[in-house]
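*Asks:* Have a look at this one.
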């Protein structure tokens, strides 16, 4: 695994969490936006399997207790801890290698497995439990069992914040972002040699390149690696340079940064998705809108709706774009311990007319 400390490829939370509990857009609701789920707890991530199973990650920024990863039954509207209660039962003093400490994201990968990103710190802002806390967990959705755990302790720090993951099937690599100690982690999914299967990229920012030390988003279209720093803007880097940097540490840093190119001037975001045509969808958390970015970098407004309160990790199923309105800015981490979340909470969908990128997920 390789960790590249990249000030520019770190993830979009802090610059937007300064917003108030109010909202910028108070206009009419868009009839294309449909309510998919009604919940009593914030959901900041959705993923589905080809046969229709639905998984959620629950943020718990409302102060509630319970599982972080659940399977949602669309028939009964019931949620079940996934893969089981044991993995969702972490308490202080427990072995962090066998339980979810604090989950930031989950997604079904192109190989059909469910991948869960564990930040490894008990709560937002607390030190990471090293070395066993931070990890990527692979779950076989056919057996409903954890099939592999990728420890991240040797490429993370006490102030790290593992946040998200994307996959490049052509190279067998997974790319995770560290939003606390800004950087990109490149993981060889097939390797069983911990030190050689991880690499890090840090300090990649330079003059004329984005510099960010907080949360942003990443994704692939096969040829390019795209990312958005916390202050907004889309940038791209050809994946071949990341592949080479995995084996050539001299390429990390300023030299790798020299290959970064501006792609599109987008707002600060906390959620993205990419469709089969290579169009990227970006949530504007401050203005309750979703922007689409064409392959040439041009932007257009997909939808703006007062209900889209802090849309987090989006997902495409069929031709529907899932929009979890998580209200994260109203939760305890960003309200001095106060909860200003309006319940119930909702996950919405909107028909975009096309399916997901075949390399993004199964």
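Numbering (mature numbering (1 follows the signal peptide of the UniProt record, and there is no 0)), first residue to last: -22 to -1, 1 to 340.
We treat Cβ as the ideally placed atom computed from N, Cα and C, and that holds for glycine.
Under 8 Å between the Cβ atoms of residue 119 and residue 31?
*Replies:* Cβ atoms of residue 119 and residue 31: closer than 8 Å.
*Asks:* Please give the ranges of any beta strand (DSSP E) in the region 50 to 114, keeping only runs that are unbroken, at least 3 residues long and fully inside the region.
*Replies:* As far as the region 50 to 114 is concerned, its whole beta strand (DSSP E) runs of at least 3 residues are 57 to 59, 81 to 86 and 92 to 96.
*Asks:* So, is residue 246 buried or exposed, given that buried needs 16 or more other C-beta atoms within 10 angstroms?
*Replies:* Counting Cβ neighbours within 10 Å, residue 246 comes out buried, since at least 16 surround it.
*Asks:* For the alpha helix (DSSP H) that contains residue 223, what are its first and last residues?
*Replies:* Residues 217 to 225.
*Asks:* Can you tell me which residues form a DSSP beta bridge with residue 125?
*Replies:* Per DSSP, none; premise fails for residue 125.
*Asks:* Quick one: what does DSSP say residue 310 is sitting in, helix, strand or coil?
*Replies:* Here residue 310 sits in helix by DSSP.
*Asks:* With hydrogens ignored, establish whether the beta-carbon of residue 34 is closer than 7 Å to any heavy atom of the ligand SAM.
*Replies:* This structure lacks the ligand SAM, and indeed carries no ligand of any kind.
*Asks:* By how many angstroms is the C-alpha of residue 84 removed from the C-alpha of residue 312?
*Replies:* Near 22 Å, if we compare the C-alpha coordinates of residue 84 and residue 312.
*Asks:* Given residue 254, which residues of its chain have a CB within under 7 Å of its CB, disregarding the five upstream and five downstream residues?
*Replies:* The answer, listed in chain order, is 332, 333, 334, 335 and 336.
*Asks:* In angstroms, rounded to a whole number, what distance separates the CA positions of residue 212 and residue 203?
*Replies:* Rounded to the nearest angstrom, the two C-alpha atoms are 10 Å apart.
*Asks:* Roughly how many angstroms separate the alpha carbons of residue 12 and residue 327, rounded to a whole number?
*Replies:* Going from the Cα of residue 12 to the Cα of residue 327 covers about 5 Å.
*Asks:* Between which residues of its own chain and residue 200 is the CB-CB distance below 6 Å, once the five residues before and five after are set aside?
*Replies:* Result list for residue 200: 337, in chain order.
*Asks:* Near residue 299, what residues of its chain come up, given a Cβ to Cβ distance below 7 Å and the 5 sequence neighbours on each side ignored?
*Replies:* Excluding residues within five positions, the ones whose Cβ falls inside 7 Å are 251, 259, 292, 327, 328 and 330.
*Asks:* Going by DSSP, what residue range makes up the beta strand (DSSP E) through residue 152?
*Replies:* Counting along the chain, the beta strand (DSSP E) containing residue 152 begins and ends at 151 to 156.
*Asks:* With H, G and I counted as helix, E and B as strand and the rest as coil, what does DSSP make of residue 323?
*Replies:* The answer is strand: DSSP assigns residue 323 an E or B state.
*Asks:* If we count the other Cβ atoms within 10 Å of its Cβ and call it buried at 16 or more, is residue 301 buried or exposed?
*Replies:* Buried, since its Cβ has 16 or more Cβ neighbours within 10 Å.
*Asks:* Considering only their Cβ atoms, is the gap separating residue 80 from residue 96 smaller than 8 Å?
*Replies:* Against a cut-off of 8 Å, the Cβ pair of residue 80 and residue 96 comes out as a contact.
*Asks:* Please state the DSSP three-state secondary structure of residue 131.
*Replies:* In the structure shown, residue 131 sits in a helix (DSSP, three-state: H, G or I).
*Asks:* Looking at the strands, I want to know which residues DSSP matches up with residue 295.
*Replies:* BP columns for residue 295 point to 298.
*Asks:* What do you get for residue 243, buried or exposed, if any count of 16 or more other CB atoms within 10 angstroms of its CB means buried?
*Replies:* By the 10 Å Cβ count, residue 243 comes out exposed.
*Asks:* Nearest to residue 164 by CA position, among 152, 156 and 91, is which residue?
*Replies:* Of the listed residues, the one whose Cα sits closest to residue 164 is 152.
*Asks:* For residue 323, which residues of its own chain have a beta-carbon under 6 Å away from its beta-carbon, when the five flanking residues on both sides are left out?
*Replies:* If we look at residue 323 and ignore the five residues flanking it on each side, its Cβ neighbours are 17 and 20.
*Asks:* Round the Cβ separation of residue 143 and residue 117 to the nearest angstrom and send it over; I've been treating them as touching at under 8 Å.
*Replies:* Actually they are not in contact, since the Cβ atoms of residue 143 and residue 117 sit about 13 Å apart, beyond 8 Å.
*Asks:* So, helix, strand or coil for residue 286, using DSSP?
*Replies:* Three-state result, residue 286: coil.
*Asks:* Do you know offhand how far residue 348's Cα is from residue 205's?
*Replies:* Missing from the structure shown is residue 348; the chain here goes from -22 to 340 and no further.
*Asks:* Counting along the chain, where does the beta strand (DSSP E) carrying residue 17 start and finish?
*Replies:* Where residue 17 is concerned, the enclosing beta strand (DSSP E) stretches over 12 to 17.
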